[in-house]
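Student: Heads up: take any position in the sequence shown, counting from 1, add 50, and you land on the numbering used here.
Glycine included, each C-beta is placed from N, C-alpha and C at the ideal position.
After the structure tokens below, expect a handful of questions from me.
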Amino acid sequence: MILLLLYAYKQRARSIKRRDELHALAMEQEKQNSKISTLTALLEGQEQERGRLARDLHDGLGGLLSGTKHQLSYLNPHQSENIEEGISKSIEQIDGAVEELRRVAHNLMPDLLTKYGLEVAIQEFASRISNHALEIHTEFINYSNSISKEKQLIIYRIIQELVNNAIKHAETSEIIIQVSEEENLLNLTVEDNGKGFDHTNLDVRKTAGFHNIELRVQFLKGTMNITSELNIGTSIELQIPIH
Numbered sequence: 051m052i053l054l055l056l057y058a059y060k061q062r063a064r065s066i067k068r069r070d071e072l073h074a075l076a077m078e079q080e081k082q083n084s085k086i087s088t089l090t091a092l093l094e095g096q097e098q099e100r101g102r103l104a105r106d107l108h109d110g111l112g113g114l115l116s117g118t119k120h121q122l123s124y125l126n127p128h129q130s131e132n133i134e135e136g137i138s139k140s141i142e143q144i145d146g147a148v149e150e151l152r153r154v155a156h157n158l159m160p161d162l163l164t165k166y167g168l169e170v171a172i173q174e175f176a177s178r179i180s181n182h183a184l185e186i187h188t189e190f191i192n193y194s195n196s197i198s199k200e201k202q203l204i205i206y207r208i209i210q211e212l213v214n215n216a217i218k219h220a221e222t223s224e225i226i227i228q229v230s231e232e233e234n235l236l237n238l239t240v241e242d243n244g245k246g247f248d249h250t251n252l253d254v255r256k257t258a259g260f261h262n263i264e265l266r267v268q269f270l271k272g273t274m275n276i277t278s279e280l281n282i283g284t285s286i287e288l289q290i291p292i293h
């Protein structure tokens, strides 16, 4: 009887152990699938950025250089005034092409981010985008610049996309970018005073590039909360672990 009980106990223990192992394996598989899904989505976002870069080079820089070539090809060597005017216009177009190339290169990898970190890069971005019709303010509170450069670049892209969305869709005249640290957490808020939207009629996460933003936030293991009111504005709050 004792032997039978001992055998039954061992069989039950093996069964429980096998069940726990299968459960752990299933959980690990689910975690791996989630990582693969997030990385795939992030790569899709990167492909979209490459597509946008290609369009910038083709439409912006390519158009300027084509215009310069066209301008130079019609110069008449027998008319000195024509040559001087044509060369002057061509130099202006080349200057524009150089500025366009700098803009594209800056968007690809901001030098200030690499050298000085997120705070300086965001302040420069806000200053560059601001104009007489749009004011962009930045606030950094208790920010220690302790985040890795890889995370800083992703956060920079998130802020860049949020600001571009507000400019494109919200008809805003003022945007506030606030970054603060609290213990091991980075708090990021982007607010605008634009037209806002109604949550009941629009799933904003599926529009205006928010899908890629949310995937980047997930990749950083963060959370995103969106609040918006019609004719008042929109506030997007992110919380991202620092380590």
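1) Quick check on the burial criterion: 16 or more other C-beta atoms within 10 angstroms. Buried or exposed for tyrosine 57?
2) Taking the straight line between their C-alpha atoms, what separation do you get for lysine 218 and lysine 245?
3) From lysine 165 to glutamine 121, what distance separates their C-alpha atoms?
4) In whole angstroms, what is the alpha-carbon distance linking glycine 112 and phenylalanine 175?
5) What would DSSP say about glycine 146, mapped onto helix, strand or coil?
6) On the CB-based measure, 16 or more other CB atoms within 10 Å of its CB, does arginine 62 come out buried or exposed?
7) Do the region 210-225 and the region 191-202 meet, that is, are 3 or more Cβ pairs less than 8 Å apart?
8) So which of Gln202, Asp145 and Val240 has the shortest CA-CA distance to leucine 162?
9) Can you grab the Cα-Cα spacing for the pair arginine 68 / glutamine 79, in whole Å?
10) Answer yes or no: do glycine 136 and leucine 125 have a C-beta to C-beta separation smaller than 8 Å?
11) Considering just the uninterrupted stretch of the beta strand (DSSP E) at isoleucine 186, what are its terminal residues?
12) Over the uninterrupted alpha helix (DSSP H) stretch that includes asparagine 262, give me the two end residues.
13) Provide the residue span of the alpha helix (DSSP H) that contains threonine 239, from first to last.
Tutor: In short:
1) exposed
2) One C-alpha to the other measures close to 11 Å.
3) 39 Å
4) Inter-residue distance for glycine 112 and phenylalanine 175 is about 24 Å (C-alpha atoms, whole angstroms).
5) It is helical.
6) exposed
7) no
8) Gln202
9) 16 Å
10) The answer is yes: Cβ separation under 8 Å.
11) Secondary structure note for isoleucine 186: its beta strand (DSSP E) is the uninterrupted segment 185-191.
12) Unbroken alpha helix (DSSP H) run through asparagine 262: 260-269.
13) Premise fails: threonine 239 lies in the beta strand (DSSP E), 235-242, not in any alpha helix (DSSP H).
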